[in-house]
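Chains as they are written, first to last, in UniProt numbering: chain S, 1 to 78; chain V, 1 to 78. Even glycine gets a Cβ: it sits at the ideal position worked out from N, Cα and C. What follows is one structure encoded as structure tokens, with my remarks underneath.
Number of protein chains: 2
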Amino acid sequence: MRQKAVFFHAGCPVCVAAEQQVAEAIDRARFEVEVVHLGEASARIAEARAAGVISVPALVLHEQVFHINFGAALSDLG
Amino acid sequence: MRQKAVFFHAGCPVCVAAEQQVAEAIDRARFEVEVVHLGEASARIAEARAAGVISVPALVLHEQVFHINFGAALSDLG
């Protein structure tokens, strides 16, 4: 069974680069990658916060958060 | 042909988590992932700096640097 990976972003240029390169590089045979745009899906900001996301872009793998560069603070999104 | 990805780290706990999870999740069918421990291979610090690495752990993909969380500043390594 594939593991779940969630990539949270906010559509900023730093986020787009990370999505197109880091998230894209993940092995789809082993991981189901969900991409969540918090600017459009603001209802999921609470989920991101609960997962430990402080800024975007961020990748949540195995319930651990990996902040990738810095696009925007979660607190600025809502 | 597989593309090259380089994961620079310094053996710190933040680095190890990122290596075991983010670097490990990369699709080996498409990417050749080289892991460089800058604490042991200090000769490669200049290469990391030239690639734009400011802190480790960092992943260099398609000549772009993605800093993952924060383990140590490159300037503290040498």
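- Membership of V:ALA72 in the beta strand (DSSP E) is indicated by the continuous run 64-73.
- When the beta-carbon positions are compared, S:PRO57 and S:VAL14 come within less than 8 Å of each other.
- Taking each of V:ILE68, V:GLN21 and V:GLN3 in turn and checking the Cα distance to S:GLN3, the smallest one comes out for V:GLN21.
- The C-beta of V:LEU59 comes closer than 8 Å to at least one C-beta of chain S.
- As computed with DSSP, V:GLU32 is found in a beta bridge with V:LYS4.
- One Cα belongs to V:ALA17, the other to S:GLU40, and the distance between them is close to 30 Å.
- For V:VAL60, the closest of V:GLY71, V:PHE31 and V:ALA72 by C-alpha to C-alpha distance is V:PHE31.
- For V:ALA58, the enclosing beta strand (DSSP E) starts and ends at 55-61.
- Identification of residues in the stretch 6-20 of chain S having a C-beta nearer than 7 Å to some C-beta of chain V yields ALA17 and ALA18, given in sequence order.
- Rounded to the nearest angstrom, the gap between the Cα atoms of V:GLY52 and V:VAL65 is 6 Å.
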